[in-house]
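Working notes, structure below.
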Amino acid sequence: MSDLPLRPPAPIKTPCIKVCVIDGETGLCMGCYRELTEVAAWQKLSEEDRARIMTELPTRRERIRPEKLAMFS
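Sequential numbering from 41 applies to the sequence shown in the numbering used here.
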């Protein structure tokens, strides 16, 4: 067994890609697919809450009309 100290797991990084535009229909950011309340609270959220949100992001993307997302491709 190693005598090296164990490092805590790295915190989940933000999914922000610096495209901060809110879709009026869904209320989601068209860059990271989070709600404004999630963006504002990200640093204070538990790792479990961050992980849950991260797993929901691909599904959330589907809620935004493709022609809107095309502006950022």
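Where is the CB? At the ideal position from N, CA and C, for every residue including glycine.
Note: LEU68 is bridge-paired with GLU75 in the DSSP secondary-structure output. Non-local beta-carbon contacts of GLY67 in its own chain, meaning distances under 8 angstroms to residues more than five positions away in sequence, involve GLU75 and LEU76 in chain order. Check the Cα spacing between LYS58 and each of GLY64, ILE52 and MET70: the tightest is with MET70. 8 angstroms or more divides the Cβ of TYR73 from the Cβ of ARG92. In this structure, the beta-carbon distance from ILE52 to GLU87 falls below 8 angstroms. Secondary structure note for ASP89: its alpha helix (DSSP H) is the uninterrupted segment 87-101. Around the beta carbon of ARG103, fewer than 16 other beta carbons sit within 10 angstroms, so the residue counts as exposed.
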